[in-house]
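Residue numbers (our numbering): 129 to 279. Worksheet: the structure to be examined is printed underneath.
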């Protein structure tokens with residue numbers, strides 16, 4: 129059984145030219161996330177312990193040009209207009225990169241320029257947020273995280 133980690137991504141065999149897309153278990157215990165342009169501070173005070181975001185821990189291995197659909201299940205709240213979900217990623221040896229936000233009711237979505245035109249964010253308006261990334265490139269190899277932001 130493989131798990132996702134930055135070390136795991138570094139071990140990818142370059143000759144295979146596969147992309148390793150990982151989602152990790154993310155437990156969010158904060159009410160607000162503070163975002164700056166592409167620098168994200170994840171060191172925030174813990175004020176909630178009943179909010180849990182869960183992503184699969186197994187890597188997705190894709191070839192350039194393929195499509196991947198990542199999911200993020202939530203518990204402790206329902207996706208609605210009161211909450212924004214963010215997707216961020218961290219490539220091996222790089223800092224965090226903000227990718228997008230989507231309001232829980234799908235009414236407001238904004239994408240980073242790096243994925244504009246290749247990404248489709250959505251929610252089921254209940255318990256799951258999705259990120260579909262098309263025309264994958266080697267630069268898309270990263271750990272992908274979801275995070276909740278209160279309004």
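Where is the CB? At the ideal position from N, CA and C, for every residue including glycine.
Using 8 angstroms for Cβ pairs, my map puts residue i next to residue j. What's the rounded Cβ distance?
i, j, result
"residue 226", "residue 249", "Not confirmed; about 13 angstroms, so no contact."
"residue 202", "residue 253", "Contact doesn't hold; Cβ gap of about 11 angstroms is too wide."
"residue 258", "residue 217", "No, residue 258 and residue 217 are not in contact; Cβ-Cβ is about 15 angstroms, not under 8 angstroms."
"residue 204", "residue 233", "About 18 angstroms separates the two Cβ atoms, so there is no contact after all."
"residue 251", "residue 219", "The pair is not a contact, with the Cβ atoms about 25 angstroms apart (cut-off 8 angstroms)."
List the endpoints of the continuous beta strand (DSSP E) containing residue i.
i, result
"residue 280", "An answer regarding residue 280 cannot be provided, because it is not within the stretch 129 to 279 covered by the chain."
"residue 237", "237–239"
"residue 227", "224–231"
"residue 216", "211–218"
"residue 182", "180–182"
"residue 260", "256–261"
Which residues in the same chain have their Cβ closer than 8 angstroms to the Cβ of residue i, if we skip the five residues on either side of it in sequence?
i, result
"residue 256", "199, 200, 201, 202, 207"
"residue 193", "263, 264"
In whole angstroms, give me the CA-to-CA distance for residue i and residue j.
i, j, result
"residue 212", "residue 237", "9 angstroms"
"residue 187", "residue 235", "30 angstroms"
"residue 191", "residue 197", "14 angstroms"
"residue 243", "residue 223", "17 angstroms"
"residue 71", "residue 185", "The chain is shown only over 129 to 279; residue 71 falls outside these bounds and no answer can be derived."
"residue 221", "residue 271", "11 angstroms"
Between which residues of its own chain and residue i is the CB-CB distance below 7 angstroms, once the five residues before and five after are set aside?
i, result
"residue 231", "209, 212"
"residue 246", "261, 262, 263"
For residue i, count neighbouring Cβ atoms within 10 angstroms of its own Cβ and tell me buried if that reaches 16, exposed if not.
i, result
"residue 183", "buried"
Going by beta carbon distance, what residues of the same chain come within less than 6 angstroms of residue i, once the five residues before and after it are set aside?
i, result
"residue 229", "212, 214, 238"
"residue 195", "262"
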